[in-house]
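Sequences listed follow chains A and B, in order. Counting in this note's numbering, the first sequence runs from 1 upward without gaps. Counting in this note's numbering, the second sequence runs from 1001 upward without gaps. Below is one structure; the comments refer to it alone.
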Amino acid sequence: MSEVDWFPLLLSLRVAAIATLITTVVGVSGAYVLARFTFPGRGLIEAIASLPIVLPPTVLGYYLLVSIGRNSPLGRGYEALFGRQLVFTWQAAVVAAAIASLPYCLRTATAAISAIDAGYEEAARVAGLHGTRLAFVVTLPMAGRGIIAGISLAFARALGDFGTTIMVAGNIPGRTQTMPIAVYDRVQAFDYATAGVLAAVLAGVAIVVLLGVRRLERTAL
Amino acid sequence: MSLTVDVRARVGEFHLDARFTLPPGLTVLFGPSGAGKTRLLRLIAGLDTPREGRIGLDGAVFDDVVGKVHRPVHDRRIGMVFQQPYLLPHRTVLANVALAVRDTDRTTRRDRAHALLERTDTTAFAARRPGQLSGGQRQRVALARALAGEPRLLLLDEPFNALDHPVRRQLRGLVRDLVDRAGVPTLFVTHDTDELAALADSVLHADQGRIGDITDVATALGPVPDR
């Protein structure tokens, strides 16, 4: 067993944290819109946003690679803005993890918001609340447990992503090699001892996070 | 001027046709269930939109289908109590009432909320969550919240339906008192003749979606309706 390199763990935590932040903002506001407004194309949006659940991660990664690659409009825009390419950087890993985990947050939060008796919002609207204040004072707190559950699922999914990440961020040790990829990499090199340590740490971190979230869930309301 | 309603609305097979001007004081909207009472209240509050007609209050137009006017719910300054209290479970009783006070100053909101808790005899529960209150106490708080925004109109939709008879009687007295003190025209929905007799200044009749006849209490309680 070679000396264990902890870079992948730190990278994974950073990628998953930023991805979860993005997922939370996009997923929860998206869930609010999907649960509380009817508009043409809503079903299609829901279906597309759920694709990451049903597509193989590598297929998702392929589409993502095509969409943010150096020859794509998004990739070119990023390059013009930041002076470097997006693919095969740790930021690309964030994009991969965010998109792969979005539906878990979006779907859970949509279900939680839909389950609230509309009477609470109606009573609050009559009382003078509207817009974002209505959302932050009434709807989101009442769906709090479901939203927290969705965010924790998204974090777990972001932390564990392999296929999508390796497609768009690659496997560059010390730069884009996240934990799951490092485990795969070590196994490929027959270094089962290191792989075992990394796998156990990843599993441990996931359990600790989920336990913490459960605690939070219980005290949320 | 008060509230003037002249609307037609349809929900599935149900047709609502309401034309009346609300008298001052407390008007009981009376009729069997399924007569369109709740429907009408939802239209007045702006929670639903009429298919045809106008709703106005004190010169302000709430709805005008021809003129494409639909004033948003939060902007109507109406106080409403539903059959269920619908108090926010994650906020204290005081916060629930303070949220409805239309003032930007925090202290003013709290002071006014406190005053209303006093008036509805719920000061003791100010720091509690609604889940720790009895049904009657919760409806008292809902009444306080309905008055918090200094409403121009009160809509009470069978607010005591889920409560026991002794509690209902107590709350009737409270409603009567609150309405008299606030001087706000009030529409109180019920199908209970006791409630009607105890509360009504006048009676607005609802019958299979047709709402418009206004009578005094004696006529409403009379032996045989002449219709």
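Even for Gly, the Cβ is constructed at its ideal location relative to N, Cα and C. Model, not experiment: these values are computed from the prediction.
- At a cut-off of 8 Å, the C-beta of residue 123/A has a neighbouring C-beta in chain B.
- By the neighbour-count criterion, in which a residue is buried when 16 or more other Cβ atoms sit within 10 angstroms of its Cβ, residue 24/A is buried.
- Out of 1216/B, 1212/B and 1223/B, the CA that lies nearest to the CA of residue 1008/B is found in 1212/B.
- Remark: three or more beta-carbon pairs, one from each stretch, lie closer than 8 Å, so the segment 168-186 of chain A and the segment 86-95 of chain A are flagged as touching.
- With a beta-carbon spacing of about 16 Å, residue 176/A and residue 186/A fall beyond the 8 Å limit used to define contacts.
- By the neighbour-count criterion, in which a residue is buried when 16 or more other Cβ atoms sit within 10 angstroms of its Cβ, residue 122/A is buried.
- For a Cβ distance threshold of 7 Å, residue set 128 of chain A lies close to residue 1102/B, ordered along the chain.
- Close partners of residue 120/A in chain B (Cβ separation under 8 Å): 1086 and 1088.
- Annotation: the continuous alpha helix (DSSP H) that includes residue 155/A extends over 144-160.
- Residue 1206/B is bridged by DSSP to 1211/B.
- In the DSSP annotation of this structure, the continuous segment of the alpha helix (DSSP H) that includes residue 1097/B starts and ends at 1093-1098.
- Pairwise C-beta distances place the segment 205-221 of chain A out of contact with the segment 1011-1023 of chain B, as fewer than three of them are shorter than 8 Å.
- By the Cβ test, the segment 1116-1130 of chain B is not in contact with the segment 1031-1041 of chain B, since fewer than three Cβ pairs between them sit closer than 8 Å.
- With contacts defined as CB atoms closer than 8 Å, residue 1087/B and residue 1141/B qualify as a contacting pair.
- Put simply, the segment 1137-1153 of chain B touches the segment 1095-1115 of chain B. At least three CB pairs are less than 8 Å apart.
- Runs of the alpha helix (DSSP H) lying entirely within the segment 1049-1118 of chain B and spanning at least 4 residues, in chain order: 1093-1098.
- In this structure, residue 160/A and residue 180/A form a Cβ contact; the two beta carbons are roughly 6 Å apart against a cut-off of 8 Å.
- Cβ contact annotation for residue 1186/B (same chain, cutoff 6 Å, sequence separation greater than five): 1026, 1154 and 1179, in chain order.
- Residue 1055/B and residue 1012/B have their alpha carbons spaced roughly 22 Å apart.
- When rounded, the separation of the alpha-carbon atoms in residue 79/A and residue 88/A is 13 Å.
- Residue pairing for residue 5/A: DSSP places it in no beta bridge.
- In the structure shown, residue 1164/B falls within a coil segment according to DSSP collapsed to helix, strand and coil.
- In the DSSP assignment, residue 1017/B falls within the unbroken beta strand (DSSP E) covering 1014-1021.
- For residue 137/A, the chain B residues whose C-beta falls within less than 9 Å of its own C-beta are 1088, 1091 and 1099, listed in chain order.
- Three or more beta-carbon pairs separated by less than 8 Å link the segment 127-134 of chain A to the segment 1064-1082 of chain B, which places the two stretches in contact.
- For the 8 Å CB-CB criterion, residue 1125/B and residue 1139/B do not form a contact.
- Using a Cβ-Cβ cut-off of 7 Å, residue 1073/B is close to 125 and 126 of chain A, given in chain order.
- Interface flag for residue 1082/B against chain A is set, since a Cβ pair is found closer than 8 Å.
- The residue from 1137/B, 1051/B, 1216/B and 1107/B with its alpha-carbon nearest to that of residue 1117/B is 1137/B.
- Of all C-beta pairs linking the segment 24-40 of chain A to the segment 103-119 of chain A, three or more are shorter than 8 Å, placing the two stretches in contact.
- Going by C-alpha positions, residue 22/A is about 24 Å away from residue 116/A.
- Residue 155/A and residue 202/A have their alpha carbons spaced roughly 13 Å apart.
- For residue 1092/B, the closest alpha carbon among the candidates 1081/B, 1084/B and 1113/B is that of 1113/B.
- DSSP places residue 175/A in the coil class of the three-state scheme, outside both helix and strand.
- At a beta-carbon threshold of 8 Å, the residues of chain A lying near residue 1047/B are 122, 125 and 126, ordered along the chain.
- For residue 1194/B, the uninterrupted alpha helix (DSSP H) run begins and ends at 1193-1199, by DSSP.
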